[in-house]
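Student:
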Amino acid sequence: MQTSDENVAEVLNRLREEVRLRRERLHGSELSELRSVIKQANELWNVSAHLPITWGTPPLIGRAIAYAKRITRLLLRWYINPIVEQQNNYNAATTRALLQLNAYLEQLTREGHDMEQRIASLEEQLKQKA
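Residues are numbered in my numbering as their position in the sequence shown, beginning at 1, plus a constant of 1405.
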């Protein structure tokens, strides 16, 4: 009977060590860095095809360049807008996936912590029986 108790204790020790190692990898600065990067991606997912056109320093030449840019933009709108829309759709989907992955990772981290507490409780019960 003592051999099976030793085996159970050995298995519990290995499980506790594995949980501790995984928890160390998931906690700390890595998760906060991940949250920060995901927040930044969430804020920057939208790309605008319509950047402001500014006037140049020399008044006459600057106005001419600005009008040329405006005309060029109007002529290329049919070509550029669908590309920007595709990019925005991709960025939005990627950002949503990152948010879901982060939520899943945080859930796994909480579950790992709960499992660690459960293992500690089971170990304590095992010690009391021995």
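Ideal Cβ placement from N, Cα and C applies to all residues, glycine included.
Measuring CA to CA, which of N1418, L1531, R1421 and A1454 is closest to N1486?
Tutor: Closest by alpha carbon: A1454.
Student: So what does DSSP say about P1464, is it helix, strand or coil?
Tutor: The answer is helix: DSSP assigns P1464 an H, G or I state.
Student: Check whether the Cβ atoms of V1413 and L1531 sit closer than 8 Å, and answer yes or no.
Tutor: Yes.
Student: Mapping the DSSP letters down to three states, classify H1455 as helix, strand or coil.
Tutor: Residue state, collapsed to three classes: coil.
Student: Where does L1449 fall in DSSP's three states?
Tutor: Reduced to three states, the DSSP call for L1449 is coil.
Student: Is the CB-CB distance between N1496 and R1440 below 8 Å?
Tutor: Not a contact, by the Cβ cut-off of 8 Å.
Student: Look at V1452 and N1493 and say whether their C-beta atoms are less than 8 Å apart.
Tutor: A contact, by the Cβ cut-off of 8 Å.
Student: Taking C-alpha atoms, which residue in T1477, Q1491 and P1463 lies nearest to L1456?
Tutor: That would be T1477, whose Cα lies nearest to the Cα of L1456.
Student: By Cβ distance, which residues of its chain are closer than 8 Å to L1481, with the 5 residues on each side in sequence left out?
Tutor: There are no such residues.
Student: Between the Cα of I1458 and the Cα atoms of K1444, L1479 and E1448, which residue gives the shortest distance?
Tutor: The residue with the shortest Cα to Cα distance from I1458 is L1479.
Student: Spatial neighbours of E1528 within its chain, please: CB distance less than 6 Å, with the 5 preceding and 5 following residues excluded, ordered by chain position.
Tutor: Correct list, in chain order: L1417.
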